[in-house]
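Here the structure comes first, spelled out in structure tokens, and everything after it is commentary.
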Amino acid sequence: MITPRFSCSQTENSVVISIYCPSVRASDVEISVDETLFSVHINPYFLRLNFSHALLEGDASSAVYDPSTGYLTVTLTKEVSGQEFKDLDLLAKLLAPRPPKEAQTQPVIEILENPETPQDDGVDELAERTQELTLEQREILEAAENDWQLPQSIPEVLPPLRTTAEQRYGFLNTHSGYFRHAEHTENEVNELRADAETSTPEERRQKRLKHEDEKWDEEYYMADYVDDEYIRELISWPNPHLTSPPEEFEYTEKENIVMLRLPRKEYLSTPAQTHALYLTLLTVLFSYAYEMRTTQHDPTPESAWTLASLTPAFSALDPAPYDQPQQRSAVPGAFTEAEVASTFTVSYRRALAFPLYRSFALAEACRADVAGLLSRGKRLVARCLLEVKDILDHHEVYYVYSKIWVDDFCVWTLAYASDEILSRLADAVKSLRMTKSMIRWDLEELESLAREDAQRDTDSDDESEDEIERMLPAPLP
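All residue numbers for the sequence shown refer to our numbering, where the first residue is 693 and numbers rise by one.
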């Protein structure tokens, strides 16, 4: 079945769904409405949408097909007149499966005997069976009867049973097998090489840290620190996503088509996994902000390499969090300064070790971009992820990171991310104070040496000019 292009709008009493399905017979259309779930089938098209509130097929509902334009317009009545249906422009959220209804709470106490119920002859049989119990079982029964306090201990958690050497990775650790032939591909950003499928999370992190230290170049950093004229231009460049009025935001036709092709998945993540996804989102947005700022929103053939290299979840399969468990917030949707700082520390290290422009000030500008993007909500964040997906999808090797991370991130952001949490995260990023000592590469000392060298060169140039003037003949009277 083909998922058709569609759009949704609403009035005070109705929701209007416009579906593009050219060259079909209107008599074959099948429409079904089940509370919040709407589906339409007209061969070869099938569309199923899950709305935030219930709809009805009332007297005011209708379905009209215009063969000249190829559009089927379905008007459905709101169960509650005047109720606002939010996120009608988030097509991926409408296409997401309907979440299961909460299971009914099961009773935690089972009544084995009611004192008011007369005893039956089964008591004698039970007594006889009790006599056959082992000594240990009798002690337990006696303890229960006399309310004794038997010694208890919590059993140790057994490690998960492993039947293969392969490790899972990617979004919510749901992917594997994408790097089985990594040694035969020209994937320059894969820091795990042939061990990508078998490295544990701890091994991936150690290899990432080692690779960052190996790629760190003091002279490169000092040169960019001294000769920073073009970097200052990149820092002063106005980000169009942050300068355009928020009320004018609207997805393009190309973006809507891409959202229709995203996977239809339901993500059942734990609170800890959801928390980690928000932190990993910071690293993806930082890489995007760096690529966008250094190319001034005009991607180049190197853009896919830049995005993949700067995102540790891509190049080393090492997503957040990067701090210690005791530093993390115990409140759902809240983020401590330590865990946000540790996340950006990783991004800063990579921005200073790998790409063309290596500047701490440029990294600070990218962090400010991330805070601004998050403050605009999930619609703009999803647009940024769609742009990342478009860049990766057009690369013959790095498209793999779109498959294992960005596709799912797009759907999750549109259907599950919270604007309230993104706003709190934006505040945490904006108020964060990053210091050069966090990077652990003696940046302040290197900058001091670079300034001294630049000053010596200036003094040497002045002395050379004075010497040349002394060697010149005196002017004629």
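For every residue, glycine included, the Cβ atom is placed at its ideal position computed from N, Cα and C.
Per DSSP, Lys-770 is paired with what?
Leu-747
Does the pairing of the region 1114 to 1122 with the region 1062 to 1073 give three or more beta-carbon distances under 8 Å?
Yes: the two stretches touch, three or more of their Cβ pairs being nearer than 8 Å.
Taking 7 Å as the limit between beta carbons, can you name the residues of its chain near Ser-1083, skipping five residues before and five after?
In the sequence as displayed, the identity of residue 1083 is Ile instead of Ser. Cβ within range, chain order: Pro-991, Ser-995, Ala-996, Leu-999.
Can you give me the Cβ contacts of Glu-1139 inside the same chain, cut-off strictly under 7 Å, excluding the 5 residues immediately before and after it?
Tyr-917
Which whole-angstrom value describes the C-beta separation of Ser-710 and Thr-765, a residue pair presumed to lie in contact below a C-beta threshold of 8 Å?
5 Å
Which of the three DSSP states, helix, strand or coil, is assigned to Thr-998?
helix
Alpha carbons only, please: which of Tyr-1093, Leu-973, His-989, Ala-752 is nearest the one belonging to Pro-1013?
Ranking the options by Cα distance to Pro-1013, first place goes to Leu-973.
Please state if the CB of Tyr-712 and the CB of Pro-696 are separated by a distance shorter than 8 Å.
yes
Is the beta carbon of Thr-1105 sitting closer than 8 Å to the one on Leu-1077?
It is a contact, given that the beta carbons lie within the stated cut-off.
Below 8 Å, can you find three or more Cβ-Cβ pairs linking the region 904 to 921 to the region 1043 to 1056?
yes
Closest to Glu-1031 by CA distance: which of Asp-1061, His-967, Gln-775 is it?
Of the candidates Asp-1061, His-967, Gln-775, the one whose C-alpha sits nearest the C-alpha of Glu-1031 is His-967.
I need the straight-line Cα distance from Asn-948 to Arg-1143, nearest angstrom please.
51 Å
In the DSSP assignment, what are the bridge partners of Asn-742?
Leu-729
Taking the straight line between their C-alpha atoms, what separation do you get for Glu-1079 and Gly-774?
36 Å
With three or more beta-carbon pairs closer than 8 Å as the criterion, would you say the region 954 to 962 touches the region 1018 to 1033?
no
Which word fits Glu-727, buried or exposed, when buried means at least 16 other C-beta atoms lie within 10 angstroms of its C-beta?
exposed
When you compare only the Cα positions, how much space is there between Phe-1101 and Val-1092?
Approximately 14 Å between the Cα atoms of the pair.
Rounded to whole angstroms, what is the Cα-Cα separation between His-903 and Val-772?
58 Å
Tell me whether Glu-906 sits in a helix, a strand or coil according to DSSP, three-state version.
helix
Roughly how many angstroms lie between the CA atoms of Arg-1178 and Gln-702, to the nearest whole one?
The structure shown does not extend to residue 1178, since the chain is modelled only from 693 through 1169, so no value can be given for it.
Look at the alpha carbon of Ala-1008 and the alpha carbon of His-1087, and state the distance between them as a whole number of angstroms.
Each residue's alpha carbon lies about 18 Å from the other.
Put Leu-764 into one of helix, strand or coil per three-state DSSP.
The answer is strand: DSSP assigns Leu-764 an E or B state.
What do you get for Asn-879, buried or exposed, if any count of 16 or more other CB atoms within 10 angstroms of its CB means buried?
buried
Which residues share a DSSP beta bridge with Tyr-861?
His-867
Which runs of the alpha helix (DSSP H) fall wholly inside the region 1030 to 1107 and span at least 4 residues, in chain order?
1052 to 1067, 1070 to 1085, 1099 to 1107
Can you find the residues in the same chain that come closer than 7 Å, C-beta to C-beta, to Lys-907, ignoring five residues on each side of it along the sequence?
These residues qualify, in order along the chain: Ala-1045, Phe-1046.
May I ask which residues mark the beginning and end of the alpha helix (DSSP H) holding Tyr-982?
963 to 987
For Pro-937 and His-989, I'd like the C-alpha separation in whole angstroms.
Separation of Pro-937 and His-989 (C-alpha to C-alpha, rounded to the nearest whole angstrom) is 18 Å.
Give the secondary structure of Phe-698 by DSSP, where H, G and I count as helix, E and B as strand, and everything else as coil.
Phe-698 falls in the strand class under three-state DSSP.
For Glu-1137 and Arg-1125, what's the separation of their Cα atoms in angstroms?
Spanning the two alpha carbons is a distance of roughly 19 Å.
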